[in-house]
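Remarks on the structure that follows.
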DNA sequence: ATAGTCCTTTGCAGCGCTGCAAACGGAACT
DNA sequence: AGTTCCGTTTGCAGCGCTGCAAAGGACTAT
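Residue numbers (this note's numbering), protein chains in the order written: chain A, 1 to 338; chain B, 339 to 676.
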């Protein structure tokens with residue numbers, strides 16, 4: 001049986017299809033009488049508007065896409081959890097894409113591919129993509145970038161102040177008396193900008209305390225995963241002068257590092273203090289609980305969606321802005337014990 | 339500037355729009371000559387097909403929706419991680435929806451709402467929805483259900499054998515010498531079917547070993563979260579006869595339970611052995627690592643997508659089937675120490 | 001040379017909706 | 001009674017593509 005259409009409803013209600021459309025969309029001035037007639041007909045026929053047709057007619061899809069490197073990384077999962085309802089509230093469906101941090105995949109998404117028609121705008125947390133790459137994108141694509149990539153003025157950027165946050169994290173380690181502090185998670189230019197900002201904070205904290213930085217204690221990792229943290233920590237422990245504290249560039253890295261430490265019979269924080277970044281739920285339950293930098297994820301999500309929807313609505317190009325949301329240091333057992 | 343259309347390409351290539359369509363879709367017999375001409379024109383104009391228009395014309399959206407209760411629950415995040423590429427490979431985009439376990443929300447999604455046009459089929463992991471509710475759904479919606487809800491014959495169901503898996507988990511606890519075994523995560527009918535199957539396995543393992551079941555050791559929880567596990571474990575420890583092992587209905591519950599145990603200075607597994615369910619990544623890195631039931635998530639994802647796409651393609655109703663995928667017991671430190 | 005065959009290409013109509021601007025009808029005013 | 005005005009309702013065209021079936025062209029068989 002055929003799906004009922006606007007025309008069917010119009011016929012039953014004795015009005016024009018256009019009027020039915022007006023009622024359905026809550027548009028314009030429709031008298032109570034006609035509205036009632038139409039609504040009765042809609043109910044009787046069980047009519048539901050065909051979104052596909054509407055999309056074609058309006059040229060908009062009512063969808064936004066959120067692109068993250070990995071869906072099963074708790075930080076991104078938690079962020080998405082916040083983005084979806086925020087977008088829904090503004091009438092947008094959320095498409096999700098994961099790129100596995102693959103640069104080509106990210107490029108394809110922001111480029112002018114055929115999928116472009118499926119979404120009205122994009123929120124992306126780039127990983128493989130370097131600053132330059134962002135310019136190859138479809139210039140008509142409303143874009144909001146999360147994380148650490150600076151805006152080039154054509155898109156918005158939402159994130160926390162990574163340098164300040166990292167400085168706080170390391171200063172905290174210094175404050176509790178640690179002097180040989182390592183950093184796990186550094187990454188080279190061009191794609192590792194998030195990492196570089198954190199390394200900068202690492203240095204800044206040392207400078208502020210008048211401490212020298214032992215460059216050999218800055219450990220690079222391919223990613224921010226548990227396994228990277230575990231491996232890097234093992235390498236640090238195999239040295240003859242292991243650190244007494246580690247600033248990990250994500251909570252997952254911290255989790256991996258702790259795993260290695262405890263596995264070797266060392267105590268956290270007594271032997272080595274650990275601080276992470278992101279405040280994922282795991283960190284609040286792991287043993288010990290993980291001190292961390294807590295970004296305001298709800299605010300990031302809300303701000304990103306608001307800005308994106310604004311861009312979509314504006315029609316033309318909108319100057320890009322840098323939006324910083326709040327963060328705070330959350331000391332837990334992995335630094336202060338207890 | 340207007341987006342270039344099929345017609346523009348046709349004009350430039352000197353063929354009919356229909357032929358361009360054929361080339362774009364890889365359809366039919368198109369001679370190499372015309373194909374070349376058309377492809378040159380496409381490249382020159384930077385043409386990309388308008389998916390919205392195609393959707394309207396074909397009446398299909400090329401999207402499937404995956405509905406999970408919580409996106410930030412690692413189990414679901416890991417499952418989605420597997421579903422997205424599987425669907426993409428078959429030409430489908432994945433829409434994601436989270437319901438917060440809200441029954442009304444789940445009902446709305448499977449009902450005949452207007453969003454129906456946005457997807458060709460649905461994979462749902464129901465939580466609030468009881469068996470009966472599944473019948474209120476849009477009968478034309480191709481549906482695959484994950485988890486524990488049995489098929490009523492109109493949709494497919496993909497999952498592991500929960501009773502068998504739970505039996506194995508508890509038998510493992512018995513095999514390592516535990517006799518006072520608790521269960522955390524039971525839930526009442528009608529929505530707690532997953533939980534009930536696990537409770538059934540709990541009983542079956544006791545029966546097989548000739549052990550009595552202490553009913554007071556079966557603890558109900560509202561959800562399968564860390565906080566539920568932590569709270570329930572605390573209650574168990576406050577009794578005068580605490581258990582020497584706990585079967586947790588999810589790894590998150592296990593994580594919470596361990597958190598409580600260690601917080602009270604108890605040792606895992608020496609004082610209390612813990613086994614979880616789901617094999618989320620956390621469990622492989624927590625301290626101690628968590629013994630668990632490992633469902634073959636890749637297989638679940640692949641099977642679910644394959645069946646769904648088959649259903650979508652079939653046009654008519656397809657008899658529902660029960661599909662069981664493999665699982666295995668993975669003993670780790672939380673039961674066998676080390 | 002002519003008819004028949006087969007395969008490529010085409011034209012038409014329409015998917016169901018909305019943008020636009022015109023038509024309509026009633027109320028208010030002269 | 002006639003005109004103007006204003007707000008509701010309507011008609012038309014078209015978003016860009018595909019399904020269908022027929023047209024066209026090349027080639028083979030008689």
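No residue lacks a Cβ here, since even glycine has one placed at the ideal position from N, Cα and C.
Chain A beta carbons: is any one of them nearer than 8 Å to that of residue i?
i                     : result
residue 443 (chain B) : no
residue 359 (chain B) : no
residue 661 (chain B) : no
residue 418 (chain B) : yes
residue 653 (chain B) : no
residue 451 (chain B) : yes
residue 619 (chain B) : yes
residue 594 (chain B) : yes
residue 422 (chain B) : yes
Let me check understanding here. Comparing Cα to Cα, which of the options lies closest to residue i?
i                     : options                    : result
residue 208 (chain A) : A:189, A:169, A:66         : A:169
residue 349 (chain B) : B:378, B:511, B:584        : B:378
residue 92 (chain A)  : A:99, A:84, A:98           : A:84
residue 451 (chain B) : B:477, B:463, B:439        : B:477
residue 447 (chain B) : B:405, B:465, B:482        : B:405
residue 81 (chain A)  : A:286, A:5, A:181, A:302   : A:302
residue 537 (chain B) : B:509, B:513, B:564        : B:509
residue 559 (chain B) : B:357, B:532, B:621        : B:532
residue 596 (chain B) : B:455, B:612, B:522        : B:612
residue 443 (chain B) : B:464, B:359, B:627, B:625 : B:464
residue 347 (chain B) : B:370, B:374, B:490        : B:374
By the DSSP assignment, the beta strand (DSSP E) with residue i in it spans what residues?
i                     : result
residue 403 (chain B) : 401-406
residue 461 (chain B) : 459-462
residue 56 (chain A)  : Counting along the chain, residue 56 (chain A) falls outside any beta strand (DSSP E), though it belongs to the alpha helix (DSSP H) covering 51-58.
residue 159 (chain A) : 156-159
With burial defined as no fewer than 16 other Cβ atoms inside 10 Å of the residue's Cβ, what is the status of residue i: buried or exposed?
i                     : result
residue 89 (chain A)  : exposed
residue 25 (chain A)  : exposed
residue 567 (chain B) : buried
residue 410 (chain B) : buried
residue 29 (chain A)  : exposed
residue 16 (chain A)  : exposed
residue 177 (chain A) : exposed
residue 2 (chain A)   : exposed
residue 189 (chain A) : exposed
residue 47 (chain A)  : buried
residue 480 (chain B) : buried
residue 32 (chain A)  : exposed
residue 627 (chain B) : buried
What are the partner residues of residue i, as DSSP defines its beta bridges?
i                     : result
residue 282 (chain A) : Paired residue(s): none; residue 282 (chain A) is not in a bridge.
residue 666 (chain B) : B:632
residue 431 (chain B) : B:401
residue 98 (chain A)  : A:68
residue 583 (chain B) : B:519, B:611
residue 219 (chain A) : A:184
residue 482 (chain B) : B:461, B:494
residue 323 (chain A) : A:158
Just reading off the alpha helix (DSSP H) that residue i is part of, what are its end residues?
i                     : result
residue 606 (chain B) : Counting along the chain, residue 606 (chain B) falls outside any alpha helix (DSSP H), and DSSP gives it neither H nor E.
residue 182 (chain A) : Element bounds for residue 182 (chain A): not the alpha helix (DSSP H) but the beta strand (DSSP E), 181-186.
residue 6 (chain A)   : 6-13
residue 233 (chain A) : 226-237
residue 551 (chain B) : Premise fails: residue 551 (chain B) is in no alpha helix (DSSP H) and is neither H nor E.
residue 534 (chain B) : 531-547
residue 106 (chain A) : 103-110
residue 362 (chain B) : 355-362
Spell out whether any CB of chain B is found under 8 Å from the CB atom of residue i.
i                     : result
residue 287 (chain A) : yes
residue 94 (chain A)  : yes
residue 226 (chain A) : yes
residue 212 (chain A) : no
residue 53 (chain A)  : yes
residue 304 (chain A) : no
residue 50 (chain A)  : yes
residue 171 (chain A) : no
residue 291 (chain A) : no
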